[in-house]
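**Q**
Protein chains: 2
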Amino acid sequence: MSLKNDLYLRAHKGEKLERYPVWLMRQAGRILPEYRAVRSKMGGFKELVETPEFAAEVTIQPVDILDVDAAIIFSDILVVPEAMGLPYQMSEQRGPWFENTIRTEEQFALLDKKIDVHERLSYVFEALKLTKKELKDRVPLIGFAGAPWTIFCYMVEGKGSKTFSESRKLLYTKPDLAHELLNRISDVTIDYLKGQLEAGADALQLFDSWAGILGREQYAKFGISYIKKIAEAFEGVPLTVFSKGAVASLEDIAKLPCSALGLDWSMDIRTTRELVAETKTLQGNLDPCVLYGTAEFIQKATINMLKSFESHRHIVNLGHGVYPDIDPEKVKVFIKTVKNYEF
Amino acid sequence: MSLKNDLYLRAHKGEKLERYPVWLMRQAGRILPEYRAVRSKMGGFKELVETPEFAAEVTIQPVDILDVDAAIIFSDILVVPEAMGLPYQMSEQRGPWFENTIRTEEQFALLDKKIDVHERLSYVFEALKLTKKELKDRVPLIGFAGAPWTIFCYMVEGKGSKTFSESRKLLYTKPDLAHELLNRISDVTIDYLKGQLEAGADALQLFDSWAGILGREQYAKFGISYIKKIAEAFEGVPLTVFSKGAVASLEDIAKLPCSALGLDWSMDIRTTRELVAETKTLQGNLDPCVLYGTAEFIQKATINMLKSFESHRHIVNLGHGVYPDIDPEKVKVFIKTVKNYEF
Numbered sequence: 001m002s003l004k005n006d007l008y009l010r011a012h013k014g015e016k017l018e019r020y021p022v023w024l025m026r027q028a029g030r031i032l033p034e035y036r037a038v039r040s041k042m043g044g045f046k047e048l049v050e051t052p053e054f055a056a057e058v059t060i061q062p063v064d065i066l067d068v069d070a071a072i073i074f075s076d077i078l079v080v081p082e083a084m085g086l087p088y089q090m091s092e093q094r095g096p097w098f099e100n101t102i103r104t105e106e107q108f109a110l111l112d113k114k115i116d117v118h119e120r121l122s123y124v125f126e127a128l129k130l131t132k133k134e135l136k137d138r139v140p141l142i143g144f145a146g147a148p149w150t151i152f153c154y155m156v157e158g159k160g161s162k163t164f165s166e167s168r169k170l171l172y173t174k175p176d177l178a179h180e181l182l183n184r185i186s187d188v189t190i191d192y193l194k195g196q197l198e199a200g201a202d203a204l205q206l207f208d209s210w211a212g213i214l215g216r217e218q219y220a221k222f223g224i225s226y227i228k229k230i231a232e233a234f235e236g237v238p239l240t241v242f243s244k245g246a247v248a249s250l251e252d253i254a255k256l257p258c259s260a261l262g263l264d265w266s267m268d269i270r271t272t273r274e275l276v277a278e279t280k281t282l283q284g285n286l287d288p289c290v291l292y293g294t295a296e297f298i299q300k301a302t303i304n305m306l307k308s309f310e311s312h313r314h315i316v317n318l319g320h321g322v323y324p325d326i327d328p329e330k331v332k333v334f335i336k337t338v339k340n341y342e343f
Numbered sequence: 344m345s346l347k348n349d350l351y352l353r354a355h356k357g358e359k360l361e362r363y364p365v366w367l368m369r370q371a372g373r374i375l376p377e378y379r380a381v382r383s384k385m386g387g388f389k390e391l392v393e394t395p396e397f398a399a400e401v402t403i404q405p406v407d408i409l410d411v412d413a414a415i416i417f418s419d420i421l422v423v424p425e426a427m428g429l430p431y432q433m434s435e436q437r438g439p440w441f442e443n444t445i446r447t448e449e450q451f452a453l454l455d456k457k458i459d460v461h462e463r464l465s466y467v468f469e470a471l472k473l474t475k476k477e478l479k480d481r482v483p484l485i486g487f488a489g490a491p492w493t494i495f496c497y498m499v500e501g502k503g504s505k506t507f508s509e510s511r512k513l514l515y516t517k518p519d520l521a522h523e524l525l526n527r528i529s530d531v532t533i534d535y536l537k538g539q540l541e542a543g544a545d546a547l548q549l550f551d552s553w554a555g556i557l558g559r560e561q562y563a564k565f566g567i568s569y570i571k572k573i574a575e576a577f578e579g580v581p582l583t584v585f586s587k588g589a590v591a592s593l594e595d596i597a598k599l600p601c602s603a604l605g606l607d608w609s610m611d612i613r614t615t616r617e618l619v620a621e622t623k624t625l626q627g628n629l630d631p632c633v634l635y636g637t638a639e640f641i642q643k644a645t646i647n648m649l650k651s652f653e654s655h656r657h658i659v660n661l662g663h664g665v666y667p668d669i670d671p672e673k674v675k676v677f678i679k680t681v682k683n684y685e686f
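Residue numbers (the numbering used here), protein chains in the order written: chain P, 1 to 343; chain F, 344 to 686.
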């Protein structure tokens, strides 16, 4: 089963490419009118995530409409804590929130101990199978999960936060409990990602959205060590680690046993390239706000970024998920600029 | 008029000290029961900020109760946009919000063009005079303002944000308007800080709370250049610049013409010391969450931090404002540990 367009996968391997592959974080959903049209016929966000036919449809939309070089399954990182026994709600206005949180040993004990990921998250695997089939091998399909630290934050905090001080508090006051919870999350995540590969994912990405809230020492201990554990379970699999905001930890992140690093728009490409040399592919990192500019401006900014690459080992993306109010036509300008760029 | 305890000011000058000075961002208000007792008798947060007698009282409280080496005036960075013609409300739950925002030339034109800072912000100057008098020269008094980029974010966004994408959008789509607004904010801020010095402030600090949301190039252009303009207006005045989260820009920040840099807990002290050598004092940077730990833990973590200093040119502080639910007794442990530490 060979892919018609395998640029994204070859970039992970560091192979010589004809041009840079390009896709966008959050390309499935949000910005596309075609997504909103399908969505308006259905219920809330979680219902969409849990309906394989819907998830498959909107996963493929950006391949058809935006002509990206990879598809990423439409899902949510919070399906993992839910599978662990901590259900959540998604509110349009306030974002995700959990009725229960894990801040004590007693609360930790209430989590389900042994869980069958295949049963609990079957809807994600179904969505992957369906997508894989309907994609007809046009482009690779990326599976994903939240990194343990970010999932930990949601389970401790119960919602988003400006400081994540409850989560960070636990690292100082109950480090053993923190490690227990992080270990549990990591194990479930490994099972979950294995299931995603079995269901048809060609590559994986870990999203560590709240990496930047920790100092270097703590991120090494409570963040990177668990990402490492996961990465070691997927040797040989194309795996991207995106530690958003963790500029202070780039040196440590550079040593992770994964094939690619995602960079946010504040991370310097040259500095990171020096750290990883040619051992890793870098993914990113145009400021998503550039896409608010004119077509000419987007072309110029994109070409400037491409010119700054000192190696060909790159996957082009934004430095963050595409923002919901971005005009899809502007996204197309970005993608076309990358595709037309000659090495 | 000589201060009984001028450690903080001498640290700014790089003089030889007997021990490190220590104070806490957000030490005035929030954590002290004595603050809450006074506050409960009065109205909302803004009324407190606008009442010089109250502001003076709670500014001095931490000097009496926590034994800090400097007082910082109880106020709010958002008094500046309000003085410029953009009033705001402070909601206990949602934080600050502005009914009007500045996203177009038309909206910018609605701001008051020439403002008399002395008249509009007289309550802050009154509070400083009163505080200075009542402090009886025990410790220096710090005045402050938001850095232009952070004030810009509030004026454009109208409230806090996870991405500040409206503010960043303006930098790409209307850079001239962005510079006009940033210039206006800078000019008002210079007037405001001059007034604070005249009213009795011994030193100044600029808070750039949202510095970390910009990449290096953009922070240089839209953040640092305006901080520089302000810093140049205060040559010889002890001035601390705190660019929270701007790890990617440390090299540029290190070149600012100010006497001290504030470091958040994710910024590496050694790296920053290398960048500034002995030209600047560093302020910070214990993770505020350490204060959730036991007294023994706080002592150990504080001493670890102090031992990591490779120069004596330091002012000890947390890496962020003290969190509201921290026990004041824990703050005292932190302060005593610093005071008892022998070089």
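C-beta: ideal position from N, C-alpha, C; glycine also.
Using a C-beta to C-beta distance shorter than 9 Å, which residues of chain P count as neighbours of F/G636?
**A** K169, Y172, T173
**Q** Anything in chain F within Cβ reach of P/W265, meaning under 7 Å, just list it in chain order.
**A** Within chain F, the residues near P/W265 are G558.
**Q** Starting from F/Q450, trace the alpha helix (DSSP H) both ways and give me its first and last residue.
**A** 448–452
**Q** Can you grab the Cα-Cα spacing for the pair P/Y123 / P/P52, in whole Å?
**A** 6 Å
**Q** Checking the sheet assignment: what are the DSSP bridge partners for P/A238?
**A** Here residue 238 of chain P turns out to be Pro, not Ala, going by the sequence shown. None, per the DSSP bridge assignment.
**Q** On a CA-only basis, which of P/V247, P/K129, P/L32, P/R10 is nearest P/R347? Give me that one, please.
**A** Missing from the structure shown is residue 347 of chain P; chain P here goes from 1 to 343 and no further.
**Q** May I ask you to list the residues that DSSP assigns as paired with P/A145?
**A** P/L206
**Q** Between P/V247 and chain F, is any beta-carbon pair separated by less than 8 Å?
**A** Yes, because at least one Cβ of chain F sits closer than 8 Å to the Cβ of P/V247.
**Q** Can you give the Cα-Cα distance for F/E449 and F/A554, rounded to whole angstroms?
**A** 27 Å
**Q** Entirely within the region 374–458 of chain F and at least 4 residues each: give me those alpha helix (DSSP H) ranges in chain order.
**A** 376–383, 388–392, 395–408, 422–426, 448–452
**Q** Taking its Cβ as the centre, do 16 or more other Cβ atoms sit within 10 Å of P/N304, making it buried, or is it exposed?
**A** exposed
**Q** Is it the case that the Cβ atoms of P/A201 and P/I151 are separated by a distance below 8 Å?
**A** no
**Q** Using 8 Å as the threshold, is the region 158–172 of chain P in touch with the region 225–239 of chain P, meaning 3 or more CB pairs across them?
**A** no
**Q** Would you say P/C258 reaches chain F, if we count a Cβ-Cβ gap shorter than 8 Å as a contact?
**A** no
**Q** May I ask which residues mark the beginning and end of the beta strand (DSSP E) holding F/A603?
**A** 603–605 is the span of the beta strand (DSSP E), which, as asked, contains F/A603.
**Q** Using a C-beta to C-beta distance shorter than 7 Å, which residues of chain F count as neighbours of P/C153?
**A** By Cβ distance, chain F contributes nothing, its closest Cβ being about 13 Å from P/C153, past 7 Å.
**Q** Using a Cβ cut-off of 8 Å (strictly closer), state whether P/Y323 contacts chain F.
**A** Interface residue, yes.
**Q** In the DSSP assignment, find the beta strand (DSSP E) that holds P/H312 and state where it starts and stops.
**A** P/H312 -> no beta strand (DSSP E), and no H or E assigned at all.
**Q** Closer than 9 Å between beta carbons: that is the criterion. Which residues of the region 103–137 of chain P meet it against chain F?
**A** Here the close residues number zero.
**Q** Would you identify the three-state DSSP class for P/S243, choosing helix, strand or coil?
**A** Reduced to three states, the DSSP call for P/S243 is strand.
**Q** Excluding sequence positions up to five away, which residues of its chain have a Cβ less than 6 Å from the Cβ of F/V676?
**A** A638, I641
**Q** Using a Cβ-Cβ distance under 8 Å, would P/T51 count as near chain F?
**A** no
**Q** Give the range of the beta strand (DSSP E) segment to which F/E348 is assigned.
**A** Here residue 348 of chain F turns out to be Asn, not Glu, going by the sequence shown. Premise fails: F/N348 is in no beta strand (DSSP E) and is neither H nor E.
**Q** With distances taken Cα to Cα, identify the nearest neighbour of F/T444 among F/G501, F/E377, F/E523.
**A** F/G501
**Q** In angstroms with no decimal places, state the Cα-to-Cα distance between P/A55 and P/G43.
**A** Roughly 13 Å between the two C-alpha positions.
**Q** Closest Cβ-Cβ distance between F/F640 and chain P: below 8 Å?
**A** Yes, contact with chain P.
**Q** Pairs of beta-carbons, one from the region 454–468 of chain F and one from the region 525–538 of chain F, closer than 8 Å: are there three or more?
**A** yes
**Q** Determine the burial state of F/F686: buried for a count of at least 16 other Cβ atoms within 10 Å of its Cβ, exposed for fewer.
**A** exposed
**Q** Please report the residue range of the alpha helix (DSSP H) in which F/T532 lies.
**A** Per DSSP, F/T532 is one residue of the alpha helix (DSSP H) stretching across 518–541.
**Q** Go through its chain and collect everything with a Cβ distance to P/T272's Cβ below 8 Å, but skip five positions before and after it.
**A** L250, A254, L261, L263, L282
**Q** Less than 8 Å between CB atoms is the rule here; does F/S418 satisfy it with respect to chain P?
**A** no
**Q** Can you find the residues in the same chain that come closer than 8 Å, C-beta to C-beta, to F/S651, ignoring five residues on each side of it along the sequence?
**A** I612, R613
**Q** Taking only beta carbons into account, state which residues of the region 2–23 of chain P come closer than 8 Å to chain F, listed in chain order.
**A** none
**Q** Does P/V139 come within less than 8 Å of chain F when only Cβ atoms are used?
**A** Not one chain F Cβ lies under 8 Å of P/V139.
**Q** Is the region 455–466 of chain F touching the region 375–390 of chain F in the sense that three or more CB pairs, one from each, lie closer than 8 Å?
**A** no
**Q** Return helix, strand or coil for P/K16, following the three-state DSSP convention.
**A** P/K16: coil per DSSP, three-state reduction.
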